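Trainee:
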Amino acid sequence: MITVTIQYFAILREQRGLAHETLATPAATAAALYEELRARYGFSLPRDRVRAAVDENFVAWDTPLRDGQTVVFIPPVAGG
Amino acid sequence: MFRISHEPLDPAALQRTLADAHAGACVTFEGWVRDHNDGQPVLALDYEAYAPLAEKEGARILAEARERFAIRGAVCVHRVGALKIGELAVWVGVAAAHRGAAFDACRYLIDETKARVPIWKKEHYADGATVWINCATRGDFAHTIKS
Chain A
177 MITVTIQYFA
187 ILREQRGLAH
197 ETLATPAATA
207 AALYEELRAR
217 YGFSLPRDRV
227 RAAVDENFVA
237 WDTPLRDGQT
247 VVFIPPVAGG
Chain B
5 MFRISHEPLD
15 PAALQRTLAD
25 AHAGACVTFE
35 GWVRDHNDGQ
45 PVLALDYEAY
55 APLAEKEGAR
65 ILAEARERFA
75 IRGAVCVHRV
85 GALKIGELAV
95 WVGVAAAHRG
105 AAFDACRYLI
115 DETKARVPIW
125 KKEHYADGAT
135 VWINCATRGD
145 FAHTIKS
């Protein structure tokens with residue numbers, strides 16, 4: 177198990193009901209963490225519509241997670 | 005410089021930051037909050053950003069523009085918060101020796117910003133419904149779902 181901080185934005189924040197949380201997870205990768213949270217909280221967006229960011233950088237879904245990291249799942253962007 | 009702003013944008017002040025005696029052209033773009041989207045009347049918008057990554061990705065986009073186009077300076081500022089119809093959501097400005105590069109770089113900056121920067125938009129409709137733009141999933145009716 178590792179402990180990570182997750183920040184939620186936009187539709188994910190509304191569906192999770194929190195702006196951020198710190199949790200212990202058995203997930204080894206960003207993908208596994210998203211799937212764990214999606215299953216638990218019923219996120220509407222499948223993983224292929226979302227991007228992952230760790231410690232303020234976009235990362236590939238198979239990136240291994242490490243204790244103490246900050247993870248943000250990025251829903252489809254709509255700036256401008 | 006790419007910045008997220010929680011305050012209303014000041015186009016004149018932003019344009020002054022581009023002043024450059026070597027520049028013969030300044031091209032600017034303003035993104036305004038529009039009163040309709042996909043045939044639906046829009047009452048207001050909320051913009052939200054993951055600011056640290058937005059500014060990082062925005063800085064990358066500016067660096068790319070400097071590589072691709074012969075420009076002297078470029079600025080992009082995006083507003084976050086609750087915006088009304090007609091308000092200024094994003095400002096892009098480019099200074100260059102010549103207008104071709106200024107027009108091309110300005111287009112590049114706004115197009116890439118819209119495609120890549122972690123900023124999200126929630127629209128509020130007349131019937132009380134709200135939608136996070138681009139986040140509809142199969143089976144949703146975009147104008148009726150509540151987020």
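Chains A and B, in that order, are what the protein sequence lines are.
Whatever position you read off the first sequence (first residue = 1), add 176 for our numbering.
Whatever position you read off the second sequence (first residue = 1), add 4 for our numbering.
C-beta: ideal position from N, C-alpha, C; glycine also.
As the structure is a computational prediction, the values presented were derived from the model and not from experiment.
(1) I want to see whether chain A comes within less than 8 Å of Trp120(B), judged by CB atoms only; does it?
(2) Among residues of its own chain, excluding the 5 on either side of His102(B), which ones have a beta-carbon nearer than 8 Å to its beta-carbon?
(3) Which word fits Glu52(B), buried or exposed, when buried means at least 16 other C-beta atoms lie within 10 angstroms of its C-beta?
(4) Is there contact between the region 90 to 108 of chain B and the region 35 to 52 of chain B, where contact requires at least three CB pairs shorter than 8 Å?
(5) How should His82(B) be labelled, buried or exposed, when 16 other C-beta atoms within 10 angstroms of its C-beta is the threshold for buried?
(6) Using the C-alpha atoms, what's the distance from Thr198(A) back to Arg120(B)?
(7) Would you list, in chain order, the members of the region 39 to 50 of chain B that have their beta-carbon closer than 8 Å to a beta-carbon of chain A?
(8) Using the Cα positions of Leu188(A) and Phe219(A), report the straight-line distance between them to the nearest angstrom.
(9) Starting from the beta carbon of Glu52(B), find every residue of chain A whose beta carbon is closer than 9 Å, and list them in chain order.
(10) Spell out the partners DSSP gives Gln245(A) in its beta bridges.
(11) Looking only at C-alpha atoms, which of Ile182(A), Asn233(A), Ala203(A) sits nearest to Leu194(A)?
(12) How is the beta strand (DSSP E) around Arg227(A) delimited, first residue to last?
(13) Do you know whose CA, among Arg192(A), Ala186(A), Ala207(A), Glu190(A), lies nearest Phe234(A)'s CA?
(14) Indicate whether at least one CB of chain B lies closer than 8 Å to the CB of Ile182(A).
(15) Any beta-carbon of chain B closer than 8 Å to the one on Gly244(A)?
Mentor: To lay it out plainly:
(1) Here residue 120(B) refers to the residue found at position 116 when the second sequence is read from its first residue. One detail in the question is off: residue 120(B) reads as Arg in this sequence, not Trp. For Arg120(B), the answer is yes, since a Cβ of chain A falls inside 8 Å of its Cβ.
(2) The residue given as residue 102(B) occupies position 98 in the second sequence. Only Gly28, Ala29, Ala74 meet the Cβ criterion.
(3) Along the second sequence, one-based indexing puts residue 52(B) at 48. The residue is buried, with at least 16 neighbouring Cβ atoms inside 10 Å.
(4) yes
(5) For this step, residue 82(B) is matched to residue 78 along the second sequence. Classification of His82(B): buried, given that the 10 Å Cβ count is 16 or more.
(6) Residue mapping note: residue 120(B) aligns to position 116 of the second sequence, counting from 1. Residue mapping note: residue 198(A) aligns to position 22 of the first sequence, counting from 1. So the alpha carbons of these two residues sit roughly 27 Å apart.
(7) none
(8) If you number the first sequence from 1, residue 188(A) lands on position 12. If you number the first sequence from 1, residue 219(A) lands on position 43. Going by the C-alpha atoms only, they are around 7 Å apart.
(9) The residue you call residue 52(B) lines up with position 48 of the second sequence. Simply Phe185, Ala186, Arg189.
(10) On the first sequence, residue 245(A) is found 69 positions in, with the first residue counted as 1. Note: Gln245(A) sits in no beta bridge, so no partner.
(11) Counting from 1 along the first sequence, the entry for residue 194(A) is found at position 18. Leu194(A) has its Cα closest to that of Ile182(A), out of Ile182(A), Asn233(A), Ala203(A).
(12) Start at 1 with the first residue of the first sequence, and residue 227(A) comes out as number 51. Note, Arg227(A): beta strand (DSSP E), 227 to 230.
(13) Numbered from 1 along the first sequence, position 58 holds the residue referred to as residue 234(A). Measuring from the Cα of Phe234(A), the nearest candidate turns out to be Ala207(A).
(14) Indexing the first sequence from 1 puts residue 182(A) at position 6. So no, Ile182(A) is outside the interface.
(15) Position 68 of the first sequence, counted from the start, is the residue given in the question as residue 244(A). Not one chain B Cβ lies under 8 Å of Gly244(A).
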